[in-house]
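Trainee: If you scroll down you'll find the structure; I have some questions about it.
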Amino acid sequence: MYDDEFSSPTAYDEEDSLMGALTAAALWRIDAALILALDEGVGPPVDSYVNGSQTWLVDVGPPDTTLEFRLHPVAGYSGPTGLSHYDLWETVVAALSSGADPSALTLGDET
Numbered sequence: 608m609y610d611d612e613f614s615s616p617t618a619y620d621e622e623d624s625l626m627g628a629l630t631a632a633a634l635w636r637i638d639a640a641l642i643l644a645l646d647e648g649v650g651p652p653v654d655s656y657v658n659g660s661q662t663w664l665v666d667v668g669p670p671d672t673t674l675e676f677r678l679h680p681v682a683g684y685s686g687p688t689g690l691s692h693y694d695l696w697e698t699v700v701a702a703l704s705s706g707a708d709p710s711a712l713t714l715g716d717e718t
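Residue numbers (our numbering): 608 to 718.
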C-alpha cells in the first residue's frame, strides 16, 4: 500500500483490501412511517452519533452476512438542546407512536 516507509499511501487497490468497495444499495427520504417500520423491524439502533446518524447491524441472508443500515441527517443538522444523541431515536419513536405530529415534535428543550 505504501511505495516506501516515508511516502503517503498509494491509490486504493481493491485487491489489497479484505473487503470490496462499499456501495449504497438504497436511499430513502425519511418519514414517520419509515421510522416506525425500522423500529418495529430491526429495533433501536446499535449506535448513535453526535452528528445525528443512527446505525443498525442486521444479520440476514447467508451465514456470516451482516447488513449495516444508516440514517444520516440533513446537512447542517444540530441535535436538540437538552437531549443526548443516544436518546434521540427512542424519543422520536415514542412521540410518533403516541400520534404526535412529525413536523412538531418536542425534543429536549426545543420543539
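Every residue gets a Cβ at the ideal spot worked out from N, C-alpha and C, and that includes glycine. Every value quoted in this text rests on a predicted model; they were computed, and no experiment measured them.
Buried or exposed for glycine 648, going by 16 or more other Cβ atoms inside 10 Å?
Mentor: Glycine 648 is exposed by the Cβ-count criterion.
Trainee: The alpha helix (DSSP H) spanning threonine 673 covers which residue range?
Mentor: Counting along the chain, threonine 673 falls outside any alpha helix (DSSP H), though it belongs to the beta strand (DSSP E) covering 673-678.
Trainee: If you follow the alpha helix (DSSP H) that threonine 662 is part of, which residue opens it and which one closes it?
Mentor: Element bounds for threonine 662: not the alpha helix (DSSP H) but the beta strand (DSSP E), 661-666.
Trainee: Quick one: what's got a C-beta closer than 7 Å to tryptophan 696's C-beta in the same chain, skipping five residues either side?
Mentor: Result list for tryptophan 696: Pro651, Pro652, Ser655, Gln661, in chain order.
Trainee: In this structure, how does DSSP classify leucine 634 when only helix, strand and coil are distinguished?
Mentor: The answer is coil: DSSP assigns leucine 634 none of H, G, I, E or B.
Trainee: Is it buried or exposed for valine 699, if we count other Cβ within 10 angstroms and need 16 for buried?
Mentor: Valine 699 comes out buried.
Trainee: So, at 6 Å on beta carbons, what are the nonlocal neighbours of glycine 689 in its own chain, with the 5 sequence-adjacent residues on each side left out?
Mentor: These residues qualify, in order along the chain: Gly715, Asp716.
Trainee: Output yes or no for whether 8 Å exceeds the beta carbon distance between valine 657 and histidine 692.
Mentor: Contact flag set, yes.
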